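> Questions regarding the structure given below will be posed in turn.
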Amino acid sequence: MKINENLKERVAQLEQILAGKESMTEAKTSMAMKFQEEYNHVTKDYQRILDLYNKMVVQLRESRNRISELEAEFR
Numbered sequence: 001m002k003i004n005e006n007l008k009e010r011v012a013q014l015e016q017i018l019a020g021k022e023s024m025t026e027a028k029t030s031m032a033m034k035f036q037e038e039y040n041h042v043t044k045d046y047q048r049i050l051d052l053y054n055k056m057v058v059q060l061r062e063s064r065n066r067i068s069e070l071e072a073e074f075r
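If you use UniProt numbering, the sequence shown corresponds to residues 1 to 75, in order.
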């Protein structure tokens, strides 16, 4: 009976270890998903800012051209 009790104890310990590892795996998966969501958000923000910057560059270029045209008219 002593062997049976030791075996049951060992099985219980292994089940606890396995449960802990499963919990750790779930936590890592959850963290990876959150990182992916945040990365997607940051990437989307970056793209939005880049698009805005490019539009502003175009507007600035057009404004400079228009200023040059107006200056030429006044000469």
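Using N, Cα and C, we set each Cβ at its ideal position, and we do this for glycine too. Quick caveat: nothing in here was measured; it's all calculated off a predicted structure.
#1: Whole angstroms is fine: what's the gap from E15's alpha carbon to K8's?
#2: So the alpha helix (DSSP H) M31 belongs to, where does it begin and stop?
#3: Distance, Cα to Cα, S63 vs A27?
Taking the geometry as given:
#1: Here the question's residue 15 lines up with position 15 in the sequence shown. Here the question's residue 8 lines up with position 8 in the sequence shown. Taking the straight line from one Cα to the other gives about 10 angstroms.
#2: Stepping through the sequence shown from its first residue, residue 31 is reached at position 31. Where M31 is concerned, the enclosing alpha helix (DSSP H) stretches over 2–74.
#3: Translated into positions along the sequence shown, residue 63 becomes position 63. Translated into positions along the sequence shown, residue 27 becomes position 27. Rounded to the nearest whole angstrom, the CA to CA distance from S63 to A27 is 53 angstroms.
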